[in-house]
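Here the sequence shown stands for residues 1191 to 1503, numbered as in the numbering used here.
From the three backbone atoms N, C-alpha and C, an ideal C-beta is built for every residue, glycine too.
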Amino acid sequence: MPQTPLFADNLPPLFLDLLGDDFEILPWDVSSHSTSLSRAEAIITYGHPRVDGALLDRMPNVRVVSNHGVGVDHIDVAAANARNIPVGNTPGCLDGATADLTFALILATARNVVIGDHFARSAEFTVYEPSLLIGKEVNGATLGIVGLGRIGKQVAKRGRAFDMKILYHNRQRDLAAEVEFDAEYRSLDGLLAESDFVALNCPLTSETTNLISTAQFATMKRSAILVNMARGGVVDTDALYEALSTGRICGAGIDVTQPEPLPRNHPLLRLQNLVITPHLGSASDRTRRRMIEMTIDNLRAGLVGLPLPNRVN
Ligand code: DGY
């Protein structure tokens, strides 16, 4: 059987194993000398490479774009639509893992886990001192969730288990979720003003780009902690640095940045009241495997002209 030429970058061994022998992996070469572009019949986006109309126009044989992950802000879905190319993604399977890491960052930031770890290993830790590294109490605090979608609801569920008061902001109210999580709807400003912890769990769109900037930080409590599990572009990076370095807010836990990664000498990386992880939201063994399986299911369906199990456009 001839192998189907597949345009993909940097696929890990598990991905290659699950793809099997049916595909020829072409290098992600978008240069003017590329031979991959004219040959590829499908695209896998692994690790957020940009796919736009200009690229698709150079790939006349592509029948499907299959994204490893739920967020598709790196793909011009409208451009794919206009060319009748379906775009698949992997919703649902990563909600629990991403909500787990949201809570890991809430707890790590609030309770000084990272600074505490460094201190506990250092020569300076010579005697137990009860006034050391007093953090913020998470249980019983108010958690404001911006984006009460699939992931946001898993965050709300964990918040309830921590006896937190749940506020949320969405484009539209979700009455069923209000009942399920005892959640209260707020305007964005209302949520920011009342919350001890603000968790960003929304997609990056034109509406949410720089959603949290100087004016929004000014609305937050000085004691508040911001957790960004969404996309770096949802928060204005300069405004975040300003808010953290001037004590406008107490701390932040961020899994994503704009740009990503930040330049290695970026001043944010020197702040003690920031906990940062390298885009690990869905990076657990079980979830990663399921994401790969779903990516391949979408790929195979698109190649034979069947409806994708999970189609974005
Ligand atoms: C997602 O699912 O969007 C994650 O960021 C991984 O790509």
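For Gly1334, the enclosing beta strand (DSSP E) has its first and last residue at Thr1332 to Val1336. In this structure, Ile1215 is the residue among Leu1201, Ile1215 and Asn1200 with its C-alpha nearest to the C-alpha of Pro1192.
No residue range can be given for Ile1439, since it is assigned to no alpha helix (DSSP H) and is classified by DSSP as neither H nor E. In the DSSP assignment, the residues bridged to Pro1195 are Glu1214. Separation of Gly1278 and Phe1309 (C-alpha to C-alpha, rounded to the nearest whole angstrom) is 45 angstroms. Ligand 1 has a heavy atom closer than 7 angstroms to the beta-carbon of Leu1284. Comparing C-alpha distances from Pro1468 to each of Ala1420, Asn1488, Ile1324 and Ser1224 shows the shortest one belongs to Ala1420.
In terms of side-chain proximity, the C-beta atom of Val1260 is found nearer than 7 angstroms to a non-hydrogen atom of ligand 1.
According to the DSSP secondary-structure assignment, Val1241 is paired through a beta bridge with Ile1265. In the three-state scheme derived from DSSP, where H, G and I count as helix and E and B as strand, Lys1411 is classed as coil. Under the three-state reduction of DSSP output, Val1494 falls in the coil class, being neither helix nor strand. Comparing C-alpha distances from Asp1379 to each of Ala1473, Asp1219, Glu1327 and Ile1335 shows the shortest one belongs to Ile1335.
Ligand 1 has no heavy atom closer than 7 angstroms to the beta-carbon of Ser1256. The residue among Asp1353, Leu1382 and Ala1346 with its C-alpha nearest the C-alpha of Ala1366 is Ala1346.
Residue side-chain check: Ser1403 keeps its Cβ at 7 angstroms or more from all non-hydrogen atoms of ligand 1. As the crow flies, the alpha-carbon of Met1249 is around 39 angstroms from that of Gln1344. In the DSSP assignment, Lys1355 is bridged to Thr1332.
In the three-state DSSP reduction, Phe1387 falls in the strand class (E or B). DSSP places Tyr1375 within a strand segment (E or B) once states are collapsed to three. Rounded to the nearest angstrom, the gap between the Cα atoms of Ala1351 and Phe1293 is 11 angstroms.
Relative to ligand 1, even the nearest heavy atom lies 7 angstroms or more away from the CB of His1308. Between the alpha carbons of Leu1461 and Thr1436 lies a gap of roughly 11 angstroms. Placement of the Cβ of Ser1474 at a distance of 7 angstroms or more from every heavy atom of ligand 1 is found. Membership of Ser1226 in the alpha helix (DSSP H) is indicated by the continuous run Ser1226 to Arg1229. Considering only Asn1500, Ile1486, Pro1497 and Gly1495, the residue with the shortest C-alpha distance to Phe1213 is Ile1486. If you compare the alpha carbons of Ser1256, Ala1270, Asn1488 and Pro1449 with that of Leu1245, the shortest gap goes to Ala1270.
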